[in-house]
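Protein chains: 2
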Amino acid sequence: MKNDTVYKKTFNAMLSHLGEQQPGSPIQSESVLKQRLGASRTTVRKVLAELAERGIIDMGPQGRSVIRLPQSGDAFERADTVSTSLQVEKKFMEWLLRADRKPGDVINELDLARQFGVSTSGIREYLNRFSRFRLIEKRANSGWCFMGFTKDFALELFEVREMFELRSARAFIAQPHDALAWAALRSLQAEHLLLQTEVSLRFHDFSDLDERFHRLVNDASHNRFIGDFYDVISLIFHYHYQWNKSDEAERNRVAITEHLDYIDALLSRDLTRVEATCTFHLKSARKTLLASVRA
Amino acid sequence: MKNDTVYKKTFNAMLSHLGEQQPGSPIQSESVLKQRLGASRTTVRKVLAELAERGIIDMGPQGRSVIRLPQSGDAFERADTVSTSLQVEKKFMEWLLRADRKPGDVINELDLARQFGVSTSGIREYLNRFSRFRLIEKRANSGWCFMGFTKDFALELFEVREMFELRSARAFIAQPHDALAWAALRSLQAEHLLLQTEVSLRFHDFSDLDERFHRLVNDASHNRFIGDFYDVISLIFHYHYQWNKSDEAERNRVAITEHLDYIDALLSRDLTRVEATCTFHLKSARKTLLASVRA
DNA sequence: AACTTGTTTTTTATGGACAATAAACTACAG
DNA sequence: CTGTAGTTTATTGTCCATAAAAAACAAGTT
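Given below as structure tokens:
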């Protein structure tokens, strides 16, 4: 049976919307709320009905109005607002990291279903989607096989990454001067400089910054296949950052410096410098990654 | 409920295996048959039981033996040996081709399930897998959307294709002289020459040859991501070949000539020639594809 | 021990049920 | 006729049941 996470999430969103109102003020029409809350009108009506039931709003025949402002206890638990499929996603990644799996290990749908407290269908659907990352593979009539994050995998990943990023970087500097990407780049530059001074305090914020920077560059090629491929990179880096914490601060310090050089080169629009700094950074990133991959 | 296509397929395979025997000759052990037929021992036993039931083999306590050779009527229908998921795959592609869908069209799981005579779960699973081709996209709580094979799609596809194939072609000529790929290439060259003389007779055999040639080249890079990407190309070309039959013979004639030049260049191991012929062919292929894409 | 077949357990493939959600339809008021 | 709320219909997300198939276990034979 479908769970009602959409309803609960919408309910909570409506509560915080009501929080900005005054008691007595009228409530917007269902279609306006539908837009605002990003759910169907059916769900909005269910939320309104519950709010009336709880005495938070009034649904008189001549229009609806706020009775009292919602309190923090009115909201549903945050955990109840996340759909089963998202839960599976999260739990699967944790599971992958927790037990240190080896290439060739089999993944058991039923077992995961029990561990995660969802049905096998949920697992099955997730694994099907997850297979696009090439970390697992399906054997007909017999479950999934963990392919593992091997040295070959990393090398192949970086081969494509270098191709794509170099091309994207070239496309980046070919953008018109007034493209929004330039402002975004300067803003990322500022963030890098800030993080550089605070790297010892919040050094794992770098993971996020790294992704935003490389995505910005890759987006310049306006190619969905390049964008897709960056999803694979992101996943692997996320996985890797979680997995290998040794020298994290030092690795990030180096990467920030390389990024700043790369950003300078992009801002200068000097192709030779861009190619040099981009290649240098990627080679360095590859070395770091390879160092933490099992033989 | 699971269907028994594996059993039926195995049964048929066993029949043709028995066809090579003599009446009276002994039957191999279950584990040998398991290897040979590529199924589990459970399935092999089920097959043997049915063969005994039908009086085709004897299962006496001192060993099993052939009683009579199977006849053509003994086999199961071919249609019964194809799993539901494969049926869905086939029917979905036909469906995509038949009705000329426009970008933005929604795909209805229930509707497809009814048309294909399978459950919605089957459709759902297939669409999830199919989404990797980027031709459809999922909207949360509201079905799938056909993205369409647009001009942008084709251009982005070819941008990546050119990058990958050029790199693969370079890797190809860097292979040692005794690599198996060289023999395979010469054999493909012969097939091209043959097809060239018969192009007017069997001009749609080219589609298959085309795929095998480009796969061979791309395999030289030994990169799973490049291989994966070629799956997308294959699908699109298959789709396109089915869809646009106009000038097919002429298009193929041109492509065969270009392939032969490209193959010559590869065999010569002359990088400049390889790059020139490869680029020329891909540009030409792109032009052909774009010509048949809706605006 | 290495193989064999018989038996039991585990796991997958597929269909189907059903509440939640979205979307469509209807009627009424300004 | 446009926008509103009420009502009905269609579709999706999730779970569960069950036969098929795989895998594991057991025991006998050479």
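Line by line, the protein sequences give chains A and B.
According to the working numbering, the first sequence is numbered sequentially starting from 18.
According to the working numbering, the second sequence is numbered sequentially starting from 18.
The C-beta atom is built at its ideal place from N, Cα and C for all residues, glycine as well.
It should be emphasised that the depicted structure is a prediction, and the values quoted were computed from it without experimental measurement.
Cβ contact annotation for Leu277 (chain A) (same chain, cutoff 6 angstroms, sequence separation greater than five): His209, in chain order. Taken atom to atom, the span from the alpha-carbon of Ala266 (chain B) to that of His194 (chain A) is near 47 angstroms. The C-beta distance from Lys25 (chain A) to Phe93 (chain A) rounds to 4 angstroms, short enough to fall under 8 angstroms. Inclusion of Asn145 (chain B) and Glu126 (chain A) in the CB contact set at 9 angstroms is not warranted, their separation being larger than that value. Interface annotation for the stretch 286-311 of chain A against chain B: empty, criterion Cβ-Cβ distance under 7 angstroms. According to DSSP, residue pairing for Glu154 (chain B) in a beta bridge involves B:Cys162. For Val99 (chain A), the closest Cβ of chain B is not nearer than 9 angstroms. Out of A:Gln192, A:Arg270, A:Leu50 and A:Ser57, the CA that lies nearest to the CA of Ser33 (chain A) is found in A:Leu50.
Taking CB atoms only, Met180 (chain A) has a neighbour in chain B less than 9 angstroms away. Listed along chain A, the residues sitting closer than 9 angstroms to Ile243 (chain B) by beta-carbon distance are Glu173, Glu176 and Val177.
Positions of the beta strand (DSSP E) runs, each at least 3 residues long and wholly inside the stretch 38-96 of chain A, are given as 74-77 and 80-83 in order along the chain. By the Cβ rule, the stretch 231-245 of chain B does not count as touching the stretch 162-176 of chain B, because fewer than three pairs are nearer than 8 angstroms. By the Cβ criterion, the stretch 255-263 of chain A is in contact with the stretch 302-310 of chain A, since at least three pairs of Cβ atoms, one from each stretch, lie closer than 8 angstroms.
Taking CB atoms only, Arg203 (chain A) has no neighbour in chain B less than 9 angstroms away. A contact between stretches requires three or more CB pairs, one per stretch, nearer than 8 angstroms, and the stretch 104-123 of chain A meets this requirement with the stretch 162-169 of chain A.
Annotation: Arg71 (chain A) has no Cβ neighbours in chain B at a cutoff of 9 angstroms; minimum Cβ distance is about 25 angstroms.
In the pairwise beta carbon analysis, the stretch 211-221 of chain A is classified as not touching the stretch 37-54 of chain B: fewer than three pairs are separated by under 8 angstroms.
Chain A has a Cβ within less than 9 angstroms of the Cβ of Phe246 (chain B).
With respect to Leu183 (chain A), Thr294 (chain A) sits apart: the two C-beta atoms are not nearer than 9 angstroms. In the three-state DSSP reduction, Val216 (chain A) falls in the coil class, being neither helix nor strand.
Annotated three-state conformation of Val310 (chain B) is coil, per DSSP. Residues of chain B whose Cβ lies closer than 8 angstroms to the Cβ of Asn145 (chain A) are, in chain order, Glu142, Asn145 and Arg146.
In the structure shown, Val99 (chain B) falls within a coil segment according to DSSP collapsed to helix, strand and coil. Within the same chain, and ignoring the five residues on either side of Ser82 (chain B) in sequence, the residues whose Cβ sits closer than 8 angstroms to its Cβ are Gly41, Ser42, Pro43, Ile44, Ile74 and Asp75.
Boundaries of the alpha helix (DSSP H) harbouring Met31 (chain B): Thr22 to Leu35, taken from the DSSP string.
Taking all protein chains shown into account, Leu103 (chain A) has fewer than 16 neighbouring C-beta atoms within 10 Å of its C-beta and is therefore exposed. Under the DSSP assignment, His255 (chain A) falls in the alpha helix (DSSP H) whose first and last residues are Arg241 to Trp260. Chain A places a beta carbon closer than 9 angstroms to that of Asn158 (chain B), counting this residue as a contact.
Excluding residues up to 5 positions away in sequence, Leu212, Val216, Asn269, Ala272 and Ile273 lie with their Cβ nearer than 8 angstroms to the Cβ of Phe223 (chain B) in the same chain. In the structure shown, Val135 (chain A) adopts coil according to DSSP, grouped into three states. Here the C-alpha atom of Ser285 (chain B) lies approximately 10 angstroms from the C-alpha atom of Tyr279 (chain B). DSSP places Thr274 (chain A) in the uninterrupted alpha helix (DSSP H) bounded by Glu265 to Ser285. Chain-ordered, the chain B residues with CB closer than 7 angstroms to the CB of Asn240 (chain A) read Glu173, Glu176 and Val177. Taking a C-beta distance under 9 angstroms as the contact criterion, Arg241 (chain B) and Arg151 (chain A) qualify as a contact pair.
Looking at the backbone, the Cα of Ala130 (chain A) and that of Ile250 (chain A) are separated by about 27 angstroms.
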